[in-house]
Amino acid sequence: MKKSKILVFVLVILSLFLSSCKQEEVQVEEEELIEIELEKIEDSTADSQEGKVGKEVDEEYRSLLSGTKVSKELSEQAVVGVMLDNHPNARWQAGLREAEIVYEIRVEGDFTRYLAFYQVTEPDTIGPIRSTRTPFVTKVLEYDAILAHYGASPAGYDDIRSLGVSSLDGMAIGQPLYYRNGYVGKEAPHNAYSSMEEIRKYSESYGFENKLEDSIFEFYKEPTSPMGQDMPAFTIPIRYGNSTAYVYQEDEGIYYRYKDGSLHLDENDGEPLEVTNIIVQYANGITVDSVGRVNLDDEGEGEGLFFSQGKMAKISWKKENRLSPTYFFDDKGQPLKLNIGQTFIQVVDEHVEIIED
Numbered sequence: 420m421k422k423s424k425i426l427v428f429v430l431v432i433l434s435l436f437l438s439s440c441k442q443e444e445v446q447v448e449e450e451e452l453i454e455i456e457l458e459k460i461e462d463s464t465a466d467s468q469e470g471k472v473g474k475e476v477d478e479e480y481r482s483l484l485s486g487t488k489v490s491k492e493l494s495e496q497a498v499v500g501v502m503l504d505n506h507p508n509a510r511w512q513a514g515l516r517e518a519e520i521v522y523e524i525r526v527e528g529d530f531t532r533y534l535a536f537y538q539v540t541e542p543d544t545i546g547p548i549r550s551t552r553t554p555f556v557t558k559v560l561e562y563d564a565i566l567a568h569y570g571a572s573p574a575g576y577d578d579i580r581s582l583g584v585s586s587l588d589g590m591a592i593g594q595p596l597y598y599r600n601g602y603v604g605k606e607a608p609h610n611a612y613s614s615m616e617e618i619r620k621y622s623e624s625y626g627f628e629n630k631l632e633d634s635i636f637e638f639y640k641e642p643t644s645p646m647g648q649d650m651p652a653f654t655i656p657i658r659y660g661n662s663t664a665y666v667y668q669e670d671e672g673i674y675y676r677y678k679d680g681s682l683h684l685d686e687n688d689g690e691p692l693e694v695t696n697i698i699v700q701y702a703n704g705i706t707v708d709s710v711g712r713v714n715l716d717d718e719g720e721g722e723g724l725f726f727s728q729g730k731m732a733k734i735s736w737k738k739e740n741r742l743s744p745t746y747f748f749d750d751k752g753q754p755l756k757l758n759i760g761q762t763f764i765q766v767v768d769e770h771v772e773i774i775e776d
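Just so it is clear: in the sequence shown, position 347 is 766 by the working numbering, and no numbers are missing.
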């Protein structure tokens, strides 16, 4: 039997959740894609980041997002950020298991979405894809990434235009880049899908020249525990409209992720997400309009927590301006080092405190 250490995110459910989601969906529902039936994909995703990333690998070349050894060609690919739906009717997501860095950020009231970044992995199916918001545009800028999304808030569109974001918008492009997946049993607007192959094809045809020059993170070559404390069981009350939990698998050195008490699976292969690093970044959400849309107070300096190898450590972060990356530091002020693999970054309000169980 595997030994387990449990990291639980307990989230407060507010009535604003459903009403805000409904208002937000209006724009997406204005344009419908033709529903098509897809042949079921039986091939499962690779068992690890190492197995998904190319034929010829060299110690010299690594993914800038996950630290995985890859070929030179893959190491030079542009980063792609994909907006993924987190509504209960959208679960489970396809291709999230292959994402290298994933942000979960509040978008309206207590409702969150994912921004999944890919550099060297190539999911055949990704979705459901949804609209973007100002905080996610900021994160895309940090990674000089191409943004794949299906619509945006008014402020999000303003940011995309004014900041020159390389945008692939499903509201403007449609098929074959984006399609309504008639196989997964989900209704619009929770069933818009794509593939990394199509995203890269369209990026090339649009002449995008995005290239992340340097990694935001450093990586250990071998699994390393942060200099922190053991915390076998603890609770974090996060202002989300759903529950998020991480359960440490000591034999494998990774965390399983749970949503609303259910093991978080990838729709493509039915396998659980395997998270290596978890960063909790404290940055207050600010409601900016009557719909309840949220921006982040994420410039300047702040604090956070880092979880890996079953341990927790205090960290800090710094972001000079909107166009600059967010850098994370350990408790000695040195750049935060990650273990090789998938990283989830949970952005939460500053008042959130760890409660040890």
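All C-beta atoms in this analysis are idealised placements derived from N, C-alpha and C, irrespective of residue type, glycine included.
Take the Cβ of Y569 as the centre, count every other Cβ of all protein chains shown within 10 Å, and call the residue buried at 16 or more, exposed below. buried
Mind checking which residues open and close the beta strand (DSSP E) that includes F726? 719–727
Excluding five sequence neighbours on each side, which residues of the same chain lie with their C-beta closer than 8 Å to the C-beta of N696? F725, F726, S727, L757, N758, G760, Q761, T762, F763
Cross-strand partners of I734 (DSSP beta bridge): G723
To the nearest angstrom, how far is it from the Cα of D633 to the Cα of D750? Approximately 23 Å, taken between the alpha carbons.
Collapsed DSSP secondary structure at T762 in the structure displayed: The three-state secondary structure of T762, taken from DSSP, is strand.
Kindly provide the ranges of any alpha helix (DSSP H) runs that are 4 or more residues long and lie completely inside the stretch 509–538, ordered along the chain. none
Simplified DSSP state of V501, which is helix, strand or coil: strand
Measure the Cβ-Cβ separation of Y597 and A611 and say whether it is below 8 Å. yes
Rounded to whole angstroms, what's the CA-CA distance from Y701 to D670? Just pull it up for me. 30 Å
Taking the beta carbon of E517 as the centre, do at least 16 other beta carbons fall within 10 Å, making it buried, or is it exposed? buried
Could you tell me the distance, in whole angstroms, from the CA atom of R741 to the CA atom of S614? 29 Å
Let me know the secondary structure DSSP gives S581 once reduced to three states. helix
Taking C-beta to C-beta, are A571 and G546 nearer than 8 Å? no
Rounded to whole angstroms, what is the Cα-Cα separation between K737 and W511? 33 Å
Is it true that the CB of T544 sits closer than 8 Å to the CB of N714? no
Along the alpha helix (DSSP H) that carries F636, what are the first and last residues, could you check? Neither: F636 is in no alpha helix (DSSP H) and is coded neither H nor E.
Any beta-carbon of chain D closer than 8 Å to the one on K730? Looking at the structure shown, chain D is missing, and only one protein chain is on hand.
Distance, F530 Cα to E739 Cα: 28 Å
Helix or strand or just coil, what does DSSP make of G570? coil
Between the stretch 571–583 and the stretch 551–560, do at least 3 Cβ pairs fall closer than 8 Å? yes
Nearest-angstrom Cα distance between I734 and V699? 9 Å
Are there 16 or more other CB atoms within 10 angstroms of the CB of P642, so buried, or fewer, so exposed? exposed
How many Å lie between Y667 and Y674 at the Cα? Cα to Cα, Y667 sits roughly 4 Å from Y674.
When the distance is taken between beta carbons, is G647 closer than 8 Å to K730? yes
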